[in-house]
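Heads up: the sequence shown runs through residues 330 to 838, numbered per this note's numbering.
Glycine included, each C-beta is placed from N, C-alpha and C at the ideal position.
These numbers were taken from a predicted model, which means no experiment stands behind them.
For reference, the structure is listed below as structure tokens.
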Amino acid sequence: MSDRLDISFVTLATDPEAAAVVFAGEGVELGSKARDFDSKSAGAISKAAAAADYKGKLKSTLEILAPAKIGIDRLIVAGTGKGSTLSELQLIELGGAVVAAIQARKGSTASIIVDIDGTEDLKPEDIAATIAQGAYLRHYNFKKYQTKKSADDAASEKDGLKKLVFHVAHPDKAKAAFQPLKAVANGVNLARELVNEPPNILGPVELAEKTKTLEKLGVSVEILDVKDMEKLGMGSLLCVGQGSVRPSRMAIMVWNGAKGSKKQKPICFVGKGVIFDTGGISIKPAAGMEDMKGDMGGAAAVVGVMHALAERKANVNAVGLIGCVENMPSGSAVRPGDIVTSMSGQTIEIINTDAEGRLVLADVLWYAQEKFKPKLVINLATLTGAIMIALGKEFAGMFANDDKLAEELAAASRVTGEKVWRMPLDKAFDKAMDSRFADMKNAGGRWGGSCTAAAFLQRFIKDTPWCHLDVAGTAMDGAKTDFNTSWGSGWGVRLLDRFVADHHEKNEK
Ligand code: MN
Ligand code: ZN
Numbered sequence: 330m331s332d333r334l335d336i337s338f339v340t341l342a343t344d345p346e347a348a349a350v351v352f353a354g355e356g357v358e359l360g361s362k363a364r365d366f367d368s369k370s371a372g373a374i375s376k377a378a379a380a381a382d383y384k385g386k387l388k389s390t391l392e393i394l395a396p397a398k399i400g401i402d403r404l405i406v407a408g409t410g411k412g413s414t415l416s417e418l419q420l421i422e423l424g425g426a427v428v429a430a431i432q433a434r435k436g437s438t439a440s441i442i443v444d445i446d447g448t449e450d451l452k453p454e455d456i457a458a459t460i461a462q463g464a465y466l467r468h469y470n471f472k473k474y475q476t477k478k479s480a481d482d483a484a485s486e487k488d489g490l491k492k493l494v495f496h497v498a499h500p501d502k503a504k505a506a507f508q509p510l511k512a513v514a515n516g517v518n519l520a521r522e523l524v525n526e527p528p529n530i531l532g533p534v535e536l537a538e539k540t541k542t543l544e545k546l547g548v549s550v551e552i553l554d555v556k557d558m559e560k561l562g563m564g565s566l567l568c569v570g571q572g573s574v575r576p577s578r579m580a581i582m583v584w585n586g587a588k589g590s591k592k593q594k595p596i597c598f599v600g601k602g603v604i605f606d607t608g609g610i611s612i613k614p615a616a617g618m619e620d621m622k623g624d625m626g627g628a629a630a631v632v633g634v635m636h637a638l639a640e641r642k643a644n645v646n647a648v649g650l651i652g653c654v655e656n657m658p659s660g661s662a663v664r665p666g667d668i669v670t671s672m673s674g675q676t677i678e679i680i681n682t683d684a685e686g687r688l689v690l691a692d693v694l695w696y697a698q699e700k701f702k703p704k705l706v707i708n709l710a711t712l713t714g715a716i717m718i719a720l721g722k723e724f725a726g727m728f729a730n731d732d733k734l735a736e737e738l739a740a741a742s743r744v745t746g747e748k749v750w751r752m753p754l755d756k757a758f759d760k761a762m763d764s765r766f767a768d769m770k771n772a773g774g775r776w777g778g779s780c781t782a783a784a785f786l787q788r789f790i791k792d793t794p795w796c797h798l799d800v801a802g803t804a805m806d807g808a809k810t811d812f813n814t815s816w817g818s819g820w821g822v823r824l825l826d827r828f829v830a831d832h833h834e835k836n837e838k
């Protein structure tokens with residue numbers, strides 16, 4: 330992973346670094362520390378704001394170079410906008426915007442002075458920690474394979490931002506508040522990194538092996554190889570990888586964090602991990618095929634959320650399961666017309682070898698329910714291009730057989746800003762998956778492609794509350810945000826972490 334940003338917390342009285350950020354509300358309303366700077370520097374802030382017509386609008390910044398008499402080379406004023414309460418998401422965005430302003434020039438350290446008043450819900454230390462999380466997320470980049478940098482880039486890399494010092498009223502409290510937020514950000518950055526890695530480096534075996542990095546956090550990891558999966562009868566998952574020279578794997582990550590009852594039924598997170606999807610014999614067109622390295626975005630999010638839960642020692646039992654395969658055309662590849670038998674015993678006629686993700690999920694979902702008897706299952710998959718036709722790249726499609734589960738996810742989505750939109754499960758879509766020759770076929774035709782895909786998955790769900798998130802539009806190449814400039818977005822990690830924290834953790838302490 331790229332170098333992590335070192336974040337620390339000190340008192341407001343500590344001397345700031347050569348570059349420092351202060352916040353200003355609408356109308357350039359300054360906090361106590363910023364007012365102090367302003368008066369000591371004979372009104373540097375108020376004069377610059379007036380000259381630049383700066384108003385302190387949310388996330389807008391004003392840079393003042395070499396202000397007199399306060400021992401700072403660069404003073405950046407960052408707007409917090411109107412009113413006194415910012416949402417958690419706005420604070421994360423603010424942290425990202427602040428890092429972008431700092432990174433506009435070279436310099437390896439900066440101070441961020443957080444003298445924003447707290448509210449009943451959000452204490453000053455929470456505000457500082459949440460801004461820090463946004464900063465940490467924004468700092469992530471993926472430049473490890475770019476060896477020939479321009480002179481400017483080389484300078485910014487060498488002299489780039491490495492350390493942020495937050496000046497706060499209660500450093501110990503802020504540091505404690507940041508710890509779980511940093512854990513979640515590490516999970517997001519891990520998911521981003523896995524999606525960004527090229528498919529020659531990150532094959533099915535390598536993706537599965539990456540889960541072992543979670544062992545140091547107390548997660549137990551088991552990896553099943555092709556023989557193991559043959560024994561389990563996973564003919565659906567295995568047919569996808571049979572055309573590749575790289576063997577398939579399934580990785581299982583178990584986090585038993587529930588305090589008191591180790592027997593508490595786990596939540597299962599299941600991810601599609603197609604490390605590269607050529608389409609197989611039903612090969613895809615050439616244009617844009619390189620993006621299919623991101624076809625493991627669902628699996629990456631599952632690894633990321635398991636990392637987040639374990640690092641912040643979440644009070645929950647959770648299991649992450651990812652099916653890792655490569656979909657290639659070759660003499661041994663699965664063909665249209667082939668009939669395979671899934672672990673559930675149900676047979677599947679292959680119509681289109683590019684509808685492979687559902688074949689992987691069918692067996693992993695079945696295994697998850699058989700082995701762990703979970704209280705609920707959520708799967709994430711870059712499953713259909715059709716979901717982008719329906720919802721664009723802002724929303725993930727949410728299919729759920731349980732209204733309570735869907736509402737809990739929607740509530741978490743409203744907090745984190747990772748948007749979901751509920752889509753229909755329906756008998757008509759299920760009917761479209763009937764096959765002439767087998768129990769079902771793997772492709773339901775042109776119309777409602779995301780809905781028929783979901784109907785296929787539902788045939789592998791017993792009476793477990795279940796949700797399928799189609800993240801084809803959101804896992805990669807989404808709109809850049811204040812706290813994400815990465816191609817691989819890590820979408821879903823914050824959503825699922827919040828879902829656990831708000832609905833499956835605190836209530837059951
Ligand atoms: Mn495909
Ligand atoms: Zn795919």
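Inset, instruction - Would you kindly check if the distance between the Cβ of residue 445 and the Cβ of residue 495 is under 9 Å? - result: no
Inset, instruction - Go through its chain and collect everything with a Cβ distance to residue 417's Cβ below 7 Å, but skip five positions before and after it. - result: 459, 744
Inset, instruction - Under 8 Å Cβ to Cβ from residue 777, same chain only, skipping five residues before and after it: list those, please. - result: 715, 758, 761
Inset, instruction - Note down the Cα distance separating residue 385 from residue 379, rounded to an integer number of angstroms. - result: 11 Å
Legend entry - Environment of residue 569 [buried if 16+ CB atoms lie within 10 Å]: buried
Legend entry - Straight-line gap, residue 793 to residue 698 (C-alpha atoms, nearest Å): 8 Å
Legend entry - Cβ distance (whole Å) where residue 708 is taken to contact residue 534 below 8 Å: In fact, because the Cβ distance is near 22 Å, the residues do not count as touching under 8 Å.
Legend entry - Span of the beta strand (DSSP E), counted from its first residue to its last, around residue 582: 578-585
Inset, instruction - Would you kindly check if the distance between the Cβ of residue 473 and the Cβ of residue 426 is under 9 Å? - result: no
Legend entry - Residue burial classification, residue 690 (beta-carbon count within 10 angstroms, cutoff 16): buried
Inset, instruction - Determine the contact status of residue 609 and residue 682, defining contact as a CB-CB distance below 9 Å. - result: yes
Inset, instruction - Apply the 10 Å Cβ neighbour rule to residue 530 and answer buried if 16 or more other Cβ atoms are within range, or exposed otherwise. - result: exposed
Inset, instruction - For residue 483, I'd like the list of residues in its chain whose CB is within less than 7 Å of its CB, leaving aside the five on either flank, ordered along the chain. - result: Residue placement at residue 483 is poorly supported in this model, since its pLDDT is 46, which falls under 50; the coordinates still yield a value, given next. Within the same chain, residue 483 has no close Cβ partners at all.
Legend entry - Own chain, CB closer than 8 Å to residue 696, minus 5 neighbours either side, in chain order: 561, 563, 579, 650, 672
Legend entry - 6 Å CB neighbourhood of residue 407 in its chain, flanking five on each side removed: 350, 352, 390, 427
Inset, instruction - Please state if the CB of residue 634 and the CB of residue 537 are separated by a distance shorter than 9 Å. - result: no
Inset, instruction - Kindly indicate which residue of 720, 660, 666, 652 has the alpha-carbon position closest to the one of residue 688. - result: 652
Inset, instruction - Look at residue 463 and residue 420 and say whether their C-beta atoms are less than 9 Å apart. - result: yes
Legend entry - Presumed contact (8 Å Cβ cut-off) between residue 524 and residue 623, rounded CB distance: 5 Å
Inset, instruction - Return the chain-ordered ranges of every beta strand (DSSP E) run that is complete within the segment 361-440 and spans a minimum of 3 residues. - result: 390-394, 403-410
Legend entry - Limits of the alpha helix (DSSP H) - the one that residue 805 falls within: First-last for residue 805: undefined, no H or E at that position.
Legend entry - Own chain, CB closer than 7 Å to residue 720, minus 5 neighbours either side, in chain order: 726, 750, 802
Inset, instruction - Return the bridge partner residues of residue 705 from the DSSP annotation. - result: 596
Legend entry - Closer than 8 Å: residue 608 CB and nearest the ligand MN heavy atom: yes
Legend entry - Beta-carbon proximity of residue 348 to residue 436, cut-off 9 Å: yes
Inset, instruction - Would you mind stating whether residue 338 and residue 457 have Cβ atoms separated by less than 9 Å? - result: yes
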